[in-house]
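Peer 1:
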Amino acid sequence: MYRSCTENGGKDGKTKTEPIGWASNGFKAQDAANILSELKVSQAQGKFPQTLKQKKEMATAALKEKETREKAEKDKGITFDEIWTQFYRPQAESNKSAKSWKREESLYRIWISPAIGECPFANVSAPDLERIKVTVQTAASSINFLI
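Remember, the working numbering sits 6 above the position in the sequence shown when you count from 1.
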């Protein structure tokens, strides 16, 4: 036997019966009465949700929004090294010539990773990149001076 919630009226004036769950899963008649009461109060005050369907849709939307926020928060903390390892490196190895790929890997390993590898990707800024550029240029001019 399942428990249901019956609302009268609604915007189309029809009586609707919506299931809320099975008694064998722990839903009691009082649960259905409480939900119906909440919906009737919402209807009377012109607030949402006004139907069980709307309540479920709102709960689903809230859950999806929460998951999106959590994913964004997690992605915000991903480091530059993780981006390199998980995304860039596999793509570069398969789509670039061996010479190009080896050169990029070398530059990353020697210059980029030590400077910003452990930084969260979202926190890497233009000054960070400029500092790497200056470091590489300084090292290159020192090598050229020695030669």
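Glycine included, each C-beta is placed from N, C-alpha and C at the ideal position. Model, not experiment: these values are computed from the prediction.
Counting C-beta neighbours from all protein chains within 10 Å, is the total for residue 90 16 or more, i.e. buried, or is it exposed?
Peer 2: Classification of residue 90: buried, given that the 10 Å Cβ count is 16 or more.
Peer 1: Taking just the CA atoms, how far does residue 58 sit from residue 69?
Peer 2: 16 Å
Peer 1: Within the same chain, show all residues whose beta-carbon is closer than 8 Å to that of residue 130, passing over the 5 residues directly before and after it, in chain order.
Peer 2: 86, 122, listed in sequence order.
Peer 1: Looking at residue 117: is its Cβ nearer than 7 Å to the Cβ of residue 84?
Peer 2: no
Peer 1: Within 10 angstroms of the Cβ of residue 61, are there 16 or more other Cβ atoms? Answer buried if so, exposed if not.
Peer 2: buried
Peer 1: One question on the structure: do residue 56 and residue 48 come within less than 7 Å of each other, judged by their Cβ atoms?
Peer 2: Closer than 7 Å, so yes.
Peer 1: Along the alpha helix (DSSP H) that carries residue 99, what are the first and last residues, could you check?
Peer 2: 95-101
Peer 1: Using the Cα positions of residue 74 and residue 148, report the straight-line distance between them to the nearest angstrom.
Peer 2: 48 Å
Peer 1: According to DSSP, residue 141 sits in a beta bridge with which residue or residues?
Peer 2: Residue pairing by DSSP leaves residue 141 without any beta bridge partner.
Peer 1: Buried or exposed: which applies to residue 113, given that a residue is buried once 16 or more other Cβ atoms fall within 10 Å of its Cβ?
Peer 2: exposed
Peer 1: Where residue 20 and residue 77 are concerned, what is the direct C-alpha to C-alpha distance, given to the nearest angstrom?
Peer 2: For residue 20 and residue 77, the distance between alpha carbons rounds to 41 Å.
Peer 1: From residue 105 to residue 92, what does the alpha carbon distance come to, in whole angstroms?
Peer 2: Near 21 Å, if we compare the C-alpha coordinates of residue 92 and residue 105.
Peer 1: Quick one: using the 10 Å Cβ neighbour count with 16 as the cut-off for buried, is residue 45 buried or exposed?
Peer 2: buried
Peer 1: Among residues of its own chain, excluding the 5 on either side of residue 82, which ones have a beta-carbon nearer than 6 Å to its beta-carbon?
Peer 2: 128
Peer 1: Quick check on the DSSP output: the alpha helix (DSSP H) that includes residue 49 runs from which residue to which?
Peer 2: 35-51
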